[in-house]
Structure formats: structure tokens, C-alpha cells
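A.B. asks: Residue numbers (numbering that gives the first Met the number 0), protein chains in the order written: chain A, 0 to 202; chain B, 0 to 202; chain C, 0 to 202. The C-beta atom is built at its ideal place from N, Cα and C for all residues, glycine as well. Just so we're clear, the structure is a prediction, and the values are computed from it rather than from any experiment.
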Amino acid sequence: MFYIVEILGTVAFSISGVLVAMKMRMDFFGILIIAFVTSVGGGTLRDMLIGNTPVTWMTDMMYTYVILVSSIMAIIFRSKLNYLRTSLFLFDTIGIGLYTIIGVEKGLNANLHPIICIALGTITACFGGVIRDILCNEIPVIFRKEIYATACILGGIVYFVLSEFPIGNNWVFMISGLVVILTRLLAVIFKIALPDLYSEKKG
Amino acid sequence: MFYIVEILGTVAFSISGVLVAMKMRMDFFGILIIAFVTSVGGGTLRDMLIGNTPVTWMTDMMYTYVILVSSIMAIIFRSKLNYLRTSLFLFDTIGIGLYTIIGVEKGLNANLHPIICIALGTITACFGGVIRDILCNEIPVIFRKEIYATACILGGIVYFVLSEFPIGNNWVFMISGLVVILTRLLAVIFKIALPDLYSEKKG
Amino acid sequence: MFYIVEILGTVAFSISGVLVAMKMRMDFFGILIIAFVTSVGGGTLRDMLIGNTPVTWMTDMMYTYVILVSSIMAIIFRSKLNYLRTSLFLFDTIGIGLYTIIGVEKGLNANLHPIICIALGTITACFGGVIRDILCNEIPVIFRKEIYATACILGGIVYFVLSEFPIGNNWVFMISGLVVILTRLLAVIFKIALPDLYSEKKG
């Protein structure tokens, strides 16, 4: 089941890459590269940081196939993508939850400190989008508006808190993943944002 | 002979870096760094992705010497570089062909899937230019105009098709490298581009 | 004592990251990420290039704690940072001197050529700022104005020259670090810059 969730997340990330790349009027291969980077960029940076090479997408072909198929479909049906906006947002959010916990566990396998593991989870989930925005010459969205990183960090903390209790690994995985997903959903639905550090300058 | 070709490619890449950096009015070290990144950036990313560290240019001093000499020459004779435009374009194209096949073979040595090897070849040939453009705060040229990546991917495919036939390794190397070079040359000469995905919006 | 100097340098780098991120009006986590990247980005790139993984900040928690505390303090006392401008500049300069020599020694430990070691020192000292500027969508400052890289390269050269003489390792370390620091200080005080390559176009 985790595998299916991971595929859905990969699909959502690659389509979000396609959408940004098309807004920049890139050509076919530009779009493919951006889709690829958005999907696997975070995990790639994580793997390079901990020395887990060749990086994951080079040894597990699932990523390549899923990204190729979903990007090409997204390019072909680009005029219909608007109808999928809500599903894509959901997939994307689920993908972030899953990627966060995968990143945390990779850190644990490398015997790293919990804070570093949470950072690795956040990198896995968020840095694909950061690299996408850099390649598209924009200031990464994550630094300015979304509650993205906050959700990942919260989920990572929950993961380590739950690990102290005698519940199975699978439950820890699922509950902390759900925390990421729900935090993001609630933040978007209720338009919650971090306190504005700059308000005093505006007044 | 391959070694001479590799040096010519390195020269061309570093001079292309010098030209971009001077257009951005960078200072001496800025220019050197951009020349360096343009030449070895793609191979560096490839090496980090597959865990081939220390990366190639750190253990083979040829790159450093060639880039230093050619960049300094390019800075000194900067007003004459225009006369070399055609030679530089040829060197650059040859370099791309060679870098692509080198990247493909590094992937094979790491036992990676053919699609991943082709991706590594394309990364080796193209990502120096991508990193250069990011450092110069421009949207990477490759994503918008050139048939660059297409040529590399085509050459990579030819490499694997030819490998199925009983011809020597050297021939496979040379023919597939030539495919990259000729694809790019023909595309530029006949102004071939990928189909425009956005034409419907213009009408 | 080196450890205290390293902490001061990390503090200065992270606060410089906070200042840039706040100028871009980033949110809380954006600021933290930029502070982190500015402090450890150079060392991280160095570690990934030579294959020293997991990278340093993942195994030595000092960096994480120092960056978290100093960034949060900087955000809280943001209106008072102006009074610290001179101290911060001094810390930053000291940090660059120290980071340069640390980078050079990491290269030596990996048996790399002196030129490559000097490059690694420069990368350690300067690339945190480069990555910060890329993330903030600006052309890296270092490529355009400062005598930053020059100071690092000079210090690296002094390191290798002194190593030829029968003086203790600690002295080599300290003297070459001081060369970096003094070069930068003198350059800023006397407004020394590299010769302008573009003056002929202006005239």
C-alpha cells in the first residue's frame, strides 16, 4: 500500500513540475527535466548528503517510468488539468506526508540525530520544489508563503515522540505521515499562516 | 585521440563560460568560477549522483590546467573572441558528443539501467551549462531553445542499440558520439526545433 | 580555541543569512533554512565533492544548535542588529579565514593536489554565500564585488608555501588563516578591488 501511495505522490509532484514548466513556456525536454527534478530532487539531495549513492531513482526504475508516463500524459491533456486541481493538491499533500517519513527513516538507518532526521525528512519532501523554483528562476515558494516545511517538521517530531511508546513501527509511520497531511490540509482550508515577521514595518 | 577531443571540449566549454560571465560583468574570479562550473559542472553532478568521489576534476589535474589556461587566454584576448565563434561552436558541439558518451559509460560501469545511463550522459553534457545559467540568474537556455538535450538522448539511444551488434566498443563510442554532434549541427544549420507546445495559445 | 573561533564564524554566517532572508521578506522557516545554508552550504558542497558523507553538520550537532540559537536570537532582536554590524563583519571575516584552512586540510586528508585543496578551501568559505544568493534569486555577490575569493586563494597559497618550512602545523594553520582575514580587512578598509575588466567599454 505504501508503494501505491508513493506512486501517487510521484505522479502529483511530476505534474506540479509540468505545470510550472509550462507556465515558463519551456520546450518538451525542459518540461520533462523539471517534472523529474520536482519529483526526485528532494530525495536526491538527501541521498547525496548521507552518501547513499547511486541515488534512489537510479536504482529503482519505478520513479523514471511513473514520471515519464505522468508527465507525457499531463502535456497531452494539458488543457484538462484544471479539472484535476483538487485531486492533484490531495496527491501532492499525501506525497509530502509520505516523503517526509521516508526521509526521517533514511536518516535513522544512517544513525543520525533525531533533529538531523527531521531535517532529512523535510528536505526529501520540500527540496524538489525548491530546486524546481531555482531552475525556473523564481524565489522558492516554500520560503515565502506555505506552511509546507512546518507541516513536515511537525510530522517528524510526532514520529520521534511516538517511537518512545510501545506501538508498532507501521502505526508510527502512518500517524506521523497523517500529521503532515492534516497540518497542511487544515492550514490551506483555514488559511493559517505563520505569524508575519514584517507587520511592524507595514503599520 | 579521445584525450585531445576531451581537451578541445573542455576549452570550448570554459570559453563559453567566460563569455557568459563577462556579459554579466563579473570580476576575474567570478569569470574563472563560471568557466570552471561550465566545463566540469555536468560531470561533477554525475559523479556525486553515482557516488564516484572525489569527483573526476579533483583527481585528474588536466581539467584544472586546461580551464585555467583557456579562461585566462579568453579574458586577455576577449576582444578577438568573435573571430573564433565558429570554431568555438564546433568545439562545443564535439565536447557535448564526447561528454554524453563518457557519461553513458560511467553509468554502465556502475551497473545502471540503460535509461539511467542515457540520463547520466545528458547530465554530463548539459548540466554544466544549466549550473552556469543558474549562477548567472538566468533560466537555463537548454530548457527553452536548443535541441541540446534531444541530441544527447538520441546519441545515448544509438549507443545502446549499437551495443547489441557485434562491433567493437570503439566504434560504438565514435558512432554514437557522432550522432550527438551531427544532430546538433543539423538542427542549428536547418533551424530545426522541437514542436512548439504553446502555439495554440498564440493564435 | 579553534572550536570557539568556528562557533563565532558559524554565528556570523547564520546571522548574515538571516539578514538577507529578512530583506527578501521570507517567513520563519525560510529564514532558518537560509541561515543554515549560508553557514554550512560551503562545507556541505565540499563534503559531497570529496565523498565525505554523511556531511559534517549531520554528524556534529554543534552546527545545528549554534545556527538555531543564533538565528532565532537574530530574528527576535532584528531591530538591534544594526549596532552589531562591525562585530558581525569581524566574525564573518574570521569565519572565512578559518573555513578556508579547514577546507584546505580536508583536501589534504583526501590526498588531493594543492590546487584542488585551495579550491576546496575557497568553496568551504565562499559557497555558503553563493547558495544563499541563488536561493534568494540574486547573482552571487562574490562574483561581482568582493575580494572574498581572492583572500581565500591567497591564504591557501600561503598555507602550502609555509608547509615547506619546518614550522609546526598549528602555526601554518594560524598564519595562513590570518592572511585570509587581513587580506579581506585591508581590502575593505582601503576599498581595494580587482582591476575592472570592463573599464574600456565605459570610457
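For the pair the stretch 36-55 of chain B and the stretch 42-59 of chain C, tell me if three or more CB-CB distances fall below 8 Å.
C.D. replies: The stretch 36-55 of chain B is in contact with the stretch 42-59 of chain C.
A.B. asks: Under 8 Å, Cβ to Cβ, is there at least one residue of chain B near residue 149 of chain C?
C.D. replies: Taking the first residue of the third sequence as 1, we reach residue 149 of chain C at position 150. Interface residue, yes.
A.B. asks: Do residue 7 of chain B and residue 93 of chain B have their CB atoms nearer than 8 Å?
C.D. replies: For this step, residue 7 of chain B is matched to residue 8 along the second sequence. For this step, residue 93 of chain B is matched to residue 94 along the second sequence. Yes, the Cβ-Cβ distance between residue 7 of chain B and residue 93 of chain B is below 8 Å.
A.B. asks: Looking at chain C, is there any beta carbon in it that lies within less than 8 Å of the beta carbon of residue 50 of chain B?
C.D. replies: The residue labelled residue 50 of chain B in the question sits at position 51 within the second sequence. Yes - at least one Cβ of chain C is within 8 Å of the one on residue 50 of chain B.
A.B. asks: DSSP three-state call for residue 201 of chain C: helix, strand or coil?
C.D. replies: Translated into positions along the third sequence, residue 201 of chain C becomes position 202. Low confidence applies here, because residue 201 of chain C scores a pLDDT of 43, under 50, leaving its location unreliable and the question unanswered by this model.
A.B. asks: Counting only beta-carbon atoms, is residue 101 of chain A nearer than 8 Å to chain B?
C.D. replies: On the first sequence, residue 101 of chain A is found 102 positions in, with the first residue counted as 1. Answer no: the Cβ-Cβ gap between residue 101 of chain A and chain B never drops below 8 Å.
A.B. asks: For the candidate residues A/14, A/76 and A/158, whose alpha-carbon lies nearest to that of residue 88 of chain A?
C.D. replies: By 1-based counting over the first sequence, the position of residue 88 of chain A is 89. Nearest option by C-alpha distance: A/14.
A.B. asks: So the alpha helix (DSSP H) residue 105 of chain A belongs to, where does it begin and stop?
C.D. replies: Along the first sequence, one-based indexing puts residue 105 of chain A at 106. From DSSP, the alpha helix (DSSP H) with residue 105 of chain A extends over 84-108.
A.B. asks: Using CA atoms only, rank isn't needed, just tell me which of C/91, C/173, C/147 and C/26 is closest to residue 159 of chain C.
C.D. replies: For this step, residue 159 of chain C is matched to residue 160 along the third sequence. Among C/91, C/173, C/147 and C/26, the Cα nearest to that of residue 159 of chain C is on C/173.
A.B. asks: Residues of chain B with CB closer than 7 Å to the CB of residue 111 of chain C, please, in chain order.
C.D. replies: As a first step, residue 111 of chain C is located in the third sequence; it is residue number 112 there, counting from the start. Those are 53 and 57, listed as they occur along chain B.
A.B. asks: Using the beta-carbon of each residue, which ones in chain B are nearer than 8 Å to residue 47 of chain A?
C.D. replies: Sequence index remark: in the first sequence, residue 47 of chain A carries index 48 (1-based). Simply 47 and 48.
A.B. asks: Kindly indicate the opening and closing residues of the alpha helix (DSSP H) around residue 168 of chain C.
C.D. replies: Stepping through the third sequence from its first residue, residue 168 of chain C is reached at position 169. Unbroken alpha helix (DSSP H) run through residue 168 of chain C: 168-188.
A.B. asks: I'd like to know whether the C-beta of residue 44 of chain A is nearer than 8 Å to at least one C-beta of chain B.
C.D. replies: One-based indexing of the first sequence puts residue 44 of chain A at position 45. Chain B, which has no Cβ nearer than 8 Å to the Cβ of residue 44 of chain A, makes this no.
A.B. asks: Among A/170, A/184 and A/132, whose alpha-carbon lies nearest the alpha-carbon of residue 149 of chain A?
C.D. replies: In the first sequence, residue 149 of chain A corresponds to position 150, counting from 1. Per the Cα distances, A/184.
A.B. asks: What would DSSP say about residue 135 of chain B, mapped onto helix, strand or coil?
C.D. replies: Reading the second sequence from its first residue, position 136 is the one you call residue 135 of chain B. Note: residue 135 of chain B maps to coil in three-state DSSP.
A.B. asks: Alpha carbon to alpha carbon, how far is residue 151 of chain B from residue 3 of chain B? Give it in angstroms, no decimals.
C.D. replies: For this step, residue 3 of chain B is matched to residue 4 along the second sequence. For this step, residue 151 of chain B is matched to residue 152 along the second sequence. Each residue's alpha carbon lies about 20 Å from the other.
A.B. asks: Please classify residue 189 of chain C as buried or exposed, where buried requires at least 16 other C-beta atoms within 10 Å of its C-beta.
C.D. replies: On the third sequence, position 190 is the one that residue 189 of chain C refers to. By the neighbour-count rule (16 or more Cβ atoms within 10 Å), residue 189 of chain C is not buried but exposed.
A.B. asks: By Cβ distance below 6 Å, which residues in the same chain neighbour residue 98 of chain A in space, the five residues on each side in sequence not counted?
C.D. replies: Counted from its first residue, the first sequence places residue 98 of chain A at position 99. Taken in chain order, the residues that qualify are 123 and 124.
A.B. asks: If the cut-off is 9 Å on Cβ atoms, which residues from the stretch 154-173 of chain A count as contacting chain C, listed in chain order?
C.D. replies: Those would be none; no residue qualifies.
A.B. asks: Hey, out of B/187, B/164, B/77 and B/182, whose CA is closest to residue 24 of chain B's CA?
C.D. replies: Stepping through the second sequence from its first residue, residue 24 of chain B is reached at position 25. The residue with the shortest Cα to Cα distance from residue 24 of chain B is B/77.
A.B. asks: Would you say residue 136 of chain C reaches chain B, if we count a Cβ-Cβ gap shorter than 8 Å as a contact?
C.D. replies: Walking along the third sequence from the start, residue 136 of chain C turns up at place 137. True, the Cβ-Cβ gap to chain B drops below 8 Å.
A.B. asks: Keeping to the same chain, check which residues put their C-beta closer than 8 Å to that of residue 91 of chain C; ignore five residues upstream and five downstream.
C.D. replies: The count along the third sequence starts at 1 and reaches residue 91 of chain C at position 92. Only 8, 11, 12 and 15 meet the Cβ criterion.
A.B. asks: Going along the stretch 14-33 of chain A in order, which residues come within less than 9 Å of chain E, judged by CB to CB distance?
C.D. replies: Here the protein chains are A, B and C, and chain E is not one of them.
A.B. asks: Could you name the residues of chain C that residue 133 of chain A contacts, counting a contact when the two beta carbons are closer than 9 Å?
C.D. replies: Stepping through the first sequence from its first residue, residue 133 of chain A is reached at position 134. Neighbours of residue 133 of chain A on chain C, chain order: 133, 134 and 136.
A.B. asks: With 9 Å as the C-beta to C-beta threshold (strictly closer), list the residues of the stretch 69-82 of chain B near chain C in chain order.
C.D. replies: Within the stretch 69-82 of chain B, the qualifying residues are 74, 77 and 78.
A.B. asks: If the cut is a Cβ gap below 9 Å, which residues of chain B does residue 115 of chain C touch?
C.D. replies: Stepping through the third sequence from its first residue, residue 115 of chain C is reached at position 116. By Cβ distance, chain B contributes 53, 56, 57, 58, 60 and 63.
A.B. asks: Which class does residue 46 of chain C belong to by DSSP, given the choice of helix, strand or coil?
C.D. replies: For this step, residue 46 of chain C is matched to residue 47 along the third sequence. Of the three classes helix, strand and coil, the one that applies to residue 46 of chain C here is helix, per DSSP.
A.B. asks: Are the CB atoms of residue 29 of chain A and residue 96 of chain A nearer to each other than 8 Å?
C.D. replies: Start at 1 with the first residue of the first sequence, and residue 29 of chain A comes out as number 30. Start at 1 with the first residue of the first sequence, and residue 96 of chain A comes out as number 97. No, the pair does not count as a contact, with Cβ atoms beyond the cut-off.
A.B. asks: The alpha helix (DSSP H) with residue 78 of chain B in it runs from where to where?
C.D. replies: By one-based count along the second sequence, residue 78 of chain B stands at place 79. Taken as a continuous stretch (DSSP letters only), residue 78 of chain B belongs to no alpha helix (DSSP H), as it is neither H nor E.
A.B. asks: Tell me whether residue 166 of chain B is buried or exposed, calling it buried when 16 or more other Cβ atoms sit within 10 Å of its Cβ.
C.D. replies: What you label residue 166 of chain B is simply residue 167 of the second sequence in a count that begins at 1. Counting Cβ neighbours within 10 Å, residue 166 of chain B comes out exposed, since fewer than 16 surround it.
A.B. asks: Can you tell me the Cβ-Cβ gap for residue 139 of chain B and residue 128 of chain B, rounded? I've got them flagged as a contact below 8 Å.
C.D. replies: Residue mapping note: residue 139 of chain B aligns to position 140 of the second sequence, counting from 1. Residue mapping note: residue 128 of chain B aligns to position 129 of the second sequence, counting from 1. Rounded, the Cβ-Cβ distance is 7 Å, consistent with contact.
A.B. asks: Could you check where the alpha helix (DSSP H) with residue 153 of chain B kicks off and where it finishes?
C.D. replies: By one-based count along the second sequence, residue 153 of chain B stands at place 154. Start and end: 147-162.
A.B. asks: By a C-beta neighbour count over all protein chains shown, 10 Å radius and 16 as the cutoff for buried, is residue 179 of chain B buried or exposed?
C.D. replies: For the purposes of this step, residue 179 of chain B is taken as the residue at position 180 of the second sequence. So residue 179 of chain B ends up on the buried side.
A.B. asks: Are residue 175 of chain B and residue 100 of chain B closer than 8 Å when you measure CB to CB?
C.D. replies: Sequence index remark: in the second sequence, residue 175 of chain B carries index 176 (1-based). Sequence index remark: in the second sequence, residue 100 of chain B carries index 101 (1-based). Contact flag set, yes.
A.B. asks: Leaving out the 5 sequence neighbours to the left and right, which residues in its chain are closer than 7 Å to residue 126 of chain B when beta-carbon positions are compared?
C.D. replies: Taking the second sequence and counting its residues from 1, the one referred to as residue 126 of chain B is at position 127. Around residue 126 of chain B: 40, 41 and 44.
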